[in-house]
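Single-structure report; data block below.
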Amino acid sequence: MRWPEIILGKKSAMILVLGVMGMLVFSVFWQGSTAVISHLEDRHIVMLDPGHGGYDPGAITSQGVYEKAINLQIAQKVKEMLRPSGIEVFLTREEDIDYVGNNVKGKTTRKQIDLNYRIDMAKEVKADIFVSLHVNATASGQNSGAETFYHYKSESGKGLAELIQQELIKIPGMNRRIAKPGDFYVIRNTSMPAVIVEVGYLSSATEQKKLQQSWYQEQLSRAIAKGIANYFM
Ligand SMILES: [Zn+2]
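Below is the structure:
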C-alpha cells in the first residue's frame, strides 16, 4: 500500500503525527493483551492421583511397606518436577487421607465413593489429563517393572500412556513393557484422557527395596513428568 499523496498543513501534520503515535501505543497494548490471552489458552492442567490413602493402604509388604505412601511420595516429586514447565499440577490428596465417610458400608461402595470424589476433583479444576499412580503386587512375586494402562476405548489415553511408558522404559534395568489397554474404574469414568501408572512391583524383593529409595523414586518421577510434558508439546 502506498502512502496517500496529500499536501498537509501544519495542523493536519500534527494530527497525523499524533494519530500514528496513538496507533503505535494501541498496537503495543493490543499485542500485549493477545499474548496474555494466548498464554491463558495454553493452560495445561494435570490431576495427579496418588492411589489409595487413609483407610485403604493398597498393596502391603510383610515388612509393613504401604503402597499408598510410595504413591504419594512419587506424586509429590512429579508435581515438583513439572513446576518449571508451567504445567499446572493438582493432587487428589496431599496427605494420607481417603474420601469416604466412616458410616459407609461395603468394600466396593467405599472404593467407588473414594474414586468418584477424585474423578470429580479432576473435573472441577478442568484437568486436561488424569494420571493415577500405583504400585503393583502379585502373589508369585516374580513380576517386576513399570506398566502404564489406558482405557481401551480412549485413543488420547493410549497416546498419553505410550508417552509415559516410553520414558519409563529408559530407566536402567527396566524391563520392556508396552502401554496396555484396560477397563479399570478410574480410567473408565474420567471425562478426560486418563492413565494408571503402576511404577513397579512391591511383591518383587529387589524392586521393593528400590521403590522406597528416593533416588529410584526420582528416576520414576522424572520419567512420568517427561511423558506428561511431551503429551502437551
Ligand atoms: Zn494401587
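The numbering used here applies: residue 3 is where the sequence shown begins, and numbers increase by one. We put the beta carbon where it would ideally sit given N, CA and C, even for glycine.
On the three-state DSSP scale, how would you describe residue i?
i: Glu200; result: strand
i: Val80; result: helix
i: Asn118; result: helix
i: Ile166; result: helix
i: Gly55; result: strand
i: Val62; result: Per the sequence shown, the amino acid found at residue 62 is Ile instead of Val. Correct three-state label for Ile62: strand.
First and last residue of the beta strand (DSSP E) that includes residue i?
i: Glu90; result: 90-93
i: Lys182; result: 182-184
i: Asp51; result: 47-52
Ends of the alpha helix (DSSP H) at residue i?
i: Tyr187; result: 187-191
i: Tyr233; result: 216-234
i: Glu209; result: 207-213
Around the Cβ of residue i, are there at least 16 other Cβ atoms within 10 angstroms (buried) or fewer (exposed)?
i: Glu96; result: exposed
i: Gln221; result: buried
i: Glu82; result: exposed
i: Ser240; result: Outside the modelled stretch of the chain, which goes from 3 to 235, sits residue 240, for which no answer is possible.
i: Tyr258; result: This structure cannot speak to residue 258, because the chain is shown only from 3 to 235.
i: Asp51; result: buried
i: Glu157; result: exposed
i: Ala207; result: exposed
i: Gln215; result: exposed
i: Ser193; result: exposed
Would you tell me roughly how many angstroms separate the C-alpha atoms of residue i and residue j, rounded to the nearest one?
i: Gln114; j: Glu126; result: 18 Å
i: Gly229; j: Ile131; result: 12 Å
i: Val104; j: Val67; result: The displayed chain sequence assigns Asn, not Val, to residue 104. Roughly 24 Å between the two C-alpha positions.
i: Ala231; j: Lys160; result: 15 Å
i: Ile72; j: Met235; result: 28 Å
i: Leu74; j: Glu149; result: 18 Å
i: Asp185; j: His153; result: 5 Å
i: Val197; j: Ser146; result: 19 Å
i: Ser64; j: Leu204; result: 10 Å
i: Gln210; j: Lys109; result: 27 Å
i: Ala124; j: Met49; result: 6 Å
i: Tyr187; j: Tyr119; result: 13 Å
Let me know the beta strand (DSSP E) ranges lying completely inside the segment 130-177, each 3 residues or longer, listed in chain order.
-> 131-138, 149-153
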